[in-house]
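Undergrad: Can you keep this structure in mind? I'll have questions shortly.
Protein chains in written order, with the numbering used here: chain A, 1 to 105; chain B, 106 to 740; chain C, 741 to 910.
See below:
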């Protein structure tokens, strides 16, 4: 089989789809608040990958700019989210997602 | 168009006063509230005075208000001789009554609220008068109704006051309904509501008489009977006396209730073309004048006497309109504004002196205790009774003369008017004797004169009541002729003097009877003795309220109670409510299973939703023949 | 060369993601996430996004993941405890994820006119990116700084030590 030096961009997209679904699965099966949060980050990264791929395909810098903004938002979200996790942990002394089921803190 | 007179300032100033006092008044000190409230009508009055020197008529348009298809209504204010006189009366008398109110309402908790409402009333009333088209007039018309409702029910903690407010509002609705139908008829037949356009269109069509015009005129007149308390819709006005006395003076004597007269005069070009409508106006006017005067004979509440007197005098004005003597009607409107405002304010001063007592049987002997009130009241009583060369002498005489000059029906109406003049003198002097003469009949007799803020307006109004007639005597018709036309059948000299003499004689007779019965200590019962049935009939105001109660209110209540409450409310609405509640709780019971509070199950359902959405968005591309084009098509 | 690099780092990426799912200790999950992010940075570089590759390493693999590991240690998060939650995630969630993957993957496979990526492909330089960012998108860019400021304030307010009722500390 001739090894082409080039990679079809669709592969990148498929990788991002698989990563995204792994993130969703992580959200579903993980029982720790922090790992659930990590799964969300994983989903965000998967989407970022597809953005970059599309930007490459269309030679358009806007896709990359969007990734840049996603990163900014993700950073802010991580800071606030982790602060919330700390507050939840203080109030309930647990990180188990299933224990935090009263829709209130 | 000549230079702008800034007519918009006239309604706007009171509106600003209303906003300031209405929104902030609760927190402002009383002095500031009074200053705002007084400056508003004073400013308007000055603007009117400045504007009065300009060439009339003057109209100002402030752009388009409503544009729907062919219908085009502008926001137009018109200042002509007619609206000028109305504005002078409204803002001038209004300002005096504002001053009076400062003293009268001084200790009331709702001081700021009272002045806010009063300014609101002035805003709507000036809008009504300045309006260049019937729809804008209707806005003012409804607005003064609202202000009237708010002020009648001002002491809303008192059930009778809030009931009276509702009664005024509901009875006025009936009249407004007629007014609205009249507007629709105008719109359907002429396609415009602007007074000047209507006048032109009707003038351009000289053969057009009766028919549609009669219908329009009668509908408008129904509106006028509501607002101006004529038969059969007068019932709200006597009850409106539940409001504070200055309100009765301003709204229910001097200005708002004359809006009907103003409206008829404003649309006189319609009435002129319909002899039938004119006759109806004249007959209703004369009948109301007589009817209300007879009731006024036996009332014991000082304000109710004045209220029936107002109804009666308004009847005079409509009698004047009905015989096409519009300028005489407006003349009487003006003098009436002076002396009736004075009567009410003086009565308010009396009530103030008596510590809130309104029953004349408990008054008496106030002549020495409240001398200024006494003298100003005397001027007003003389004026309304048609004492020679006082204001009503000229204006009432003008109406009676015009009635006499207008055919055989007019002769009868003239006679009714003459009798009413005698009755008027009688009940006014009865009030005068009962209040100021004899010995005090109240027990806690620490009566005192009112403060100067109340006496000042009394004095000014007394001067106007005495001399007001000279403003217009002989000149009024000519002044108003650009607006109202010059249709006046002048009486010949000698006949006119005979008429005057007869009117004065009728007044003198009324005074004489009152003197005999109430001053020379022949008790009122003496009148009642020979005709107890008649006395009772009058005492109970011809049972009109009871009659309306029986034929309108009772059936409505019964219908509401048995049909609406049981069938509509309980069975239909209640059943529906139960059904809806059942559906809601059932679906809630099912749906609450989703609300486990478990985040991961939420996420699972969310993922399912995302999958379904993605499927529907992408299905045609993914599973159909078409290929997927993402991104920019150009590449 | 490109293909080899892609295969290596894509595999690394997937391994990290799967490992993230199966680790019981949160700290291990966090470390696998770092692996995922770093390999993604290399993939970005392969796609010619050099600035994003750097930002990915600095912001994600650096700052954010440090924050994660810090919180894991601060809260002393141990092994996940087995809890009896709802089973909806299995019965509804897994089929839904499978459906999503199927729909998206089929959609991607059907894409037409998609090219290949070579090692010497055109590279978006940092200058290109910043030209757009500081001219046409200056306002959104500045707004993000406000967002970050708000996030800082929010996290300080949330994480500050108050009592259970959320009252102000004495």
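Cβ coordinates follow ideal geometry from the N, Cα and C atoms, glycine included.
A quick note: this is a predicted structure, and the numbers were derived from the prediction, not measured.
1) Is the beta carbon of residue 42/A closer than 8 Å to that of residue 23/A?
2) Start and end of the beta strand (DSSP E) containing residue 181/B?
3) Does DSSP put residue 910/C in a helix, a strand or coil?
4) Which residue marks the beginning of the beta strand (DSSP E) containing residue 163/B, and which one marks its end?
5) In three-state terms, what does DSSP make of residue 121/B?
6) Three-state secondary structure (DSSP) at residue 864/C?
7) How about the stretch 384-404 of chain B and the stretch 266-283 of chain B: do they share at least three Cβ pairs that are nearer than 8 Å?
8) Entirely within the stretch 475-507 of chain B and at least 3 residues each: give me those beta strand (DSSP E) ranges in chain order.
9) According to DSSP, which residues form a beta bridge with residue 72/A?
10) Need the endpoints of the alpha helix (DSSP H) that residue 264/B sits in, please.
11) Quick one: list the residues of chain A neighbouring residue 766/C, beta-carbon separation under 7 Å, in chain order.
12) Looking at C-beta atoms only, is the number of pairs between the stretch 145-154 of chain B and the stretch 189-207 of chain B that lie closer than 8 Å three or more?
13) Give a yes or no on whether the minimum CB-CB distance between residue 22/A and chain B is below 8 Å.
14) Is there a Cβ of chain A sitting closer than 8 Å to that of residue 705/B, yes or no?
15) CB of residue 64/A to nearest heavy atom of the ligand FAD: below 7 Å?
16) With a floor of 4 residues, list each alpha helix (DSSP H) that falls wholly inside the stretch 519-584 of chain B, ordered by position along the chain.
17) Give the residues of chain A in contact with residue 864/C, contact being defined as C-beta atoms less than 9 Å apart.
18) Among the candidates 25/A, 36/A, 74/A and 44/A, whose CA atom is the shortest distance from the CA of residue 95/A?
19) Give a yes or no on whether the minimum CB-CB distance between residue 712/B and chain A is below 8 Å.
20) Excluding the 5 residues flanking residue 56/B on each side, which residues of the same chain have their C-beta closer than 8 Å to its C-beta?
21) Just the chain A side, please: which residues come within less than 8 Å of residue 709/B by C-beta, in chain order?
22) Along the stretch 220-242 of chain B, what residues have a CB closer than 7 Å to any CB found in chain C?
23) Jot down the residue ranges of each uninterrupted alpha helix (DSSP H) in the stretch 754-829 of chain C, minimum 4 residues, whole runs only, in chain order.
24) Identify the residues that DSSP records as bridge partners of residue 198/B: which are they?
25) Does any residue of chain B bring its CB to less than 8 Å from the CB of residue 682/C?
26) From what residue to what residue does the alpha helix (DSSP H) around residue 110/B run?
27) From the DSSP output, in three-state form, read off residue 379/B for me.
28) Going by C-alpha distance, which of 540/B, 428/B and 375/B is nearest residue 456/B?
29) List the residues of chain C that residue 720/B touches, going by C-beta distances under 8 Å, in chain order.
30) From the DSSP output, read off the bridge partner residues of residue 857/C.
31) Could you name the residues of the same chain whose beta carbon sits closer than 6 Å to that of residue 611/B, not counting the 5 residues immediately before and after it, in chain order?
32) Looking only at its own chain, which residues have a Cβ that is under 6 Å from the Cβ of residue 530/B, when we skip the five neighbours before and after it?
33) Taking only runs that begin and end inside the stretch 379-459 of chain B, name each unbroken alpha helix (DSSP H) of 4 or more residues, in chain order.
34) So, helix, strand or coil for residue 344/B, using DSSP?
35) Show which residues of chain F have a CB atom less than 7 Å away from the CB atom of residue 97/A.
TA: Put simply:
1) Residue numbering aside, residue 23/A sits at position 23 when the first chain is read from its first letter. Residue numbering aside, residue 42/A sits at position 42 when the first chain is read from its first letter. Yes; because the gap between Cβ atoms is below 8 Å, this pair is in contact.
2) Within the second chain, residue 181/B is the residue found at index 76, counting from 1. Secondary structure note for residue 181/B: its beta strand (DSSP E) is the uninterrupted segment 176-184.
3) Walking along the third chain from the start, residue 910/C turns up at place 170. Residue placement at residue 910/C is poorly supported in this model, since its pLDDT is 45, which falls under 50; the coordinates are not used for a value here.
4) If you number the second chain from 1, residue 163/B lands on position 58. In the DSSP annotation of this structure, the continuous segment of the beta strand (DSSP E) that includes residue 163/B starts and ends at 163-173.
5) Residue numbering aside, residue 121/B sits at position 16 when the second chain is read from its first letter. Of the three classes helix, strand and coil, the one that applies to residue 121/B here is helix, per DSSP.
6) As a first step, residue 864/C must be located in the third chain, where it is residue number 124. Correct three-state label for residue 864/C: strand.
7) The stretch 384-404 of chain B makes no contact with the stretch 266-283 of chain B; the number of CB pairs closer than 8 Å stays below 3.
8) none
9) For the purposes of this step, residue 72/A is taken as residue 72 along the first chain, with counting starting at 1. In the DSSP output, where bridge partners are listed per residue, residue 72/A has none listed.
10) Position 159 of the second chain holds residue 264/B. Residues 264-295.
11) Along the third chain, one-based indexing puts residue 766/C at 26. Within 7 Å Cβ-Cβ: 32, 34 and 35.
12) Because the criterion of three Cβ pairs below 8 Å is met, the stretch 145-154 of chain B and the stretch 189-207 of chain B touch.
13) Position 22 of the first chain holds residue 22/A. Not an interface residue.
14) Residue mapping note: residue 705/B aligns to position 600 of the second chain, counting from 1. Yes, residue 705/B lies at the interface with chain A (some Cβ there is under 8 Å from its Cβ).
15) What this structure holds is no ligand at all, so the ligand FAD is not there to describe.
16) 557-577
17) By 1-based counting over the third chain, the position of residue 864/C is 124. Ordered by position in chain A, the residues that pass the 9 Å Cβ test against residue 864/C are 55, 56, 59, 61 and 64.
18) The residue given as residue 95/A occupies position 95 in the first chain. Looking at the Cα atoms, 36/A is the closest of the given residues.
19) If you number the second chain from 1, residue 712/B lands on position 607. Chain A, which has a Cβ nearer than 8 Å to the Cβ of residue 712/B, makes this yes.
20) It is not possible to answer for residue 56/B, since the shown part of chain B is limited to 106 through 740.
21) Position 604 of the second chain holds residue 709/B. Going along chain A in sequence order, the residues near residue 709/B (Cβ under 8 Å) are 28.
22) none
23) DSSP runs (the alpha helix (DSSP H)) wholly in the stretch 754-829 of chain C: 766-786, 790-795 and 805-814.
24) Here residue 198/B refers to the residue found at position 93 when the second chain is read from its first residue. None; residue 198/B has no bridge partner.
25) Given a span of 741 to 910 for chain C in the structure shown, any question on residue 682/C remains unanswerable.
26) Counting from one through the second chain, the residue named residue 110/B turns up at place 5. First-last for residue 110/B: undefined, no H or E at that position.
27) As a working mapping, residue 379/B is identified with position 274 in the second chain. Assigned with DSSP and collapsed to three states, residue 379/B falls in coil, not helix or strand.
28) Taking the second chain and counting its residues from 1, one reaches residue 456/B at position 351. Considering only alpha carbons, the answer is 540/B.
29) Here residue 720/B is taken as the residue at index 615 of the second chain, counted from 1. Residues of chain C passing the Cβ test: 839 and 843.
30) Mapped onto the third chain, residue 857/C falls at position 117. Beta-bridge pairing links residue 857/C to 7/A.
31) Taking the second chain and counting its residues from 1, one reaches residue 611/B at position 506. Exclusion of the five residues before and after residue 611/B leaves 523, 526 and 527 as the residues of its chain whose Cβ lies within less than 6 Å of its Cβ.
32) For the purposes of this step, residue 530/B is taken as residue 425 along the second chain, with counting starting at 1. Around residue 530/B: 490, 612, 615 and 616.
33) If we require 4 residues or more, the alpha helix (DSSP H) runs fully inside the stretch 379-459 of chain B come out as 380-401, 407-427 and 431-458.
34) If you number the second chain from 1, residue 344/B lands on position 239. Note: residue 344/B maps to helix in three-state DSSP.
35) As a matter of chain content, chain F is missing from the structure shown, whose protein chains are A, B and C.
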